[in-house]
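So in the working numbering, spot 143 of the sequence shown is number 124, and the numbers just go up one at a time. From the three backbone atoms N, C-alpha and C, an ideal C-beta is built for every residue, glycine too. In this text, all values refer to a predicted model and were calculated from it rather than measured experimentally.
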Amino acid sequence: MARTADPARRVELIDAIIVELSETGLATFSLRTLAAALGRSTRVLTHHFADKDALLAAVLARLDEQQHEALRATEGWADPAIGIGTIVRDAWRRHLSPAELPRTRLIHEIEGLAAAGRLATHVPAFVSGRATFVAAALELRGLPAADALTKATLLNNAYAGLQADFLTTGEAARTEAALAELCELANSWTVPRTVA
């Protein structure tokens, strides 16, 4: 009889996989090479994931969960008196910090492969889910739901584009000046309010 996968061990394994893929990227990724890098047998991976696509779907789900946790923990996330631009600036600093940079690059690599049609996994849900998550913060700041989703889509994609530009060119001054403009635009969509 097959053993049931322990959810806590599965999360630990996914976190280790994210660390490894953040360092190596997806170019040489296979279950065999990944298992070897983790010091595990391929059987450990196949016990938790049916195949490579299932593993990548789990990685995306965990990255999404980690990003949402980090945003919720950002000072002002749940405070409608704090402009969304402040949250965006904090996210930029966090995503490009030495501790987060490899994970940020991995997310861009996954999204790029999906956009090129080279990745059969759950990236569309990852991207649209991110828009829905940010839209909730805009709704909290007074935007109607449909408008919030449209503006969250614009904000997320402009942010991702600026981040990709910085990661590609290394031009901090130019991309951060554009980020400041994006933050001002995002702040203009809502009027900071206080919760009674």
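Within a Cβ cutoff of 6 Å, which residues of the same chain sit near residue i, ignoring the five residues on either side of it in sequence?
i           : result
residue 36  : 30
residue 100 : 94
residue 53  : none
Would you call the CB atoms of residue i and residue j closer than 8 Å?
i           : j           : result
residue 1   : residue 12  : no
residue 95  : residue 104 : yes
residue 130 : residue 112 : yes
residue 3   : residue 83  : yes
residue 145 : residue 68  : no
residue 26  : residue 15  : yes
residue 167 : residue 57  : no
To which residues of the same chain is residue i closer than 7 Å at the C-beta, ignoring the five residues directly before and after it?
i           : result
residue 107 : 41 and 45
Leaving aside the five residues before and after residue i along the sequence, list all residues of the same chain whose C-beta is less than 8 Å from its C-beta, in chain order.
i           : result
residue -18 : Because residue -18 sits at a pLDDT of 40, beneath the cut-off of 50, its placement in the model cannot be relied upon, and the following sentence gives the value as read from the coordinates. Excluding positions up to five away in sequence, the list is empty.
residue 33  : 10, 11 and 12
Relative to the C-alpha of residue i, which candidate in the options has its C-alpha closest?
i           : options              : result
residue 120 : 63, 85, 77 and 56    : 63
residue 71  : -1, 47, 150 and 55   : 55
residue 163 : 143, 74, 147 and 151 : 143
residue 28  : 66, -13 and -4       : -13
Is it right to say residue i is buried, meaning 16 or more other beta carbons lie within 10 angstroms of its own, or is it exposed?
i          : result
residue 59 : exposed
residue 24 : exposed
Would a check of beta-carbon distances place residue i closer than 8 Å to chain D?
i          : result
residue 29 : In the displayed structure, chain D is absent; only one protein chain is listed.
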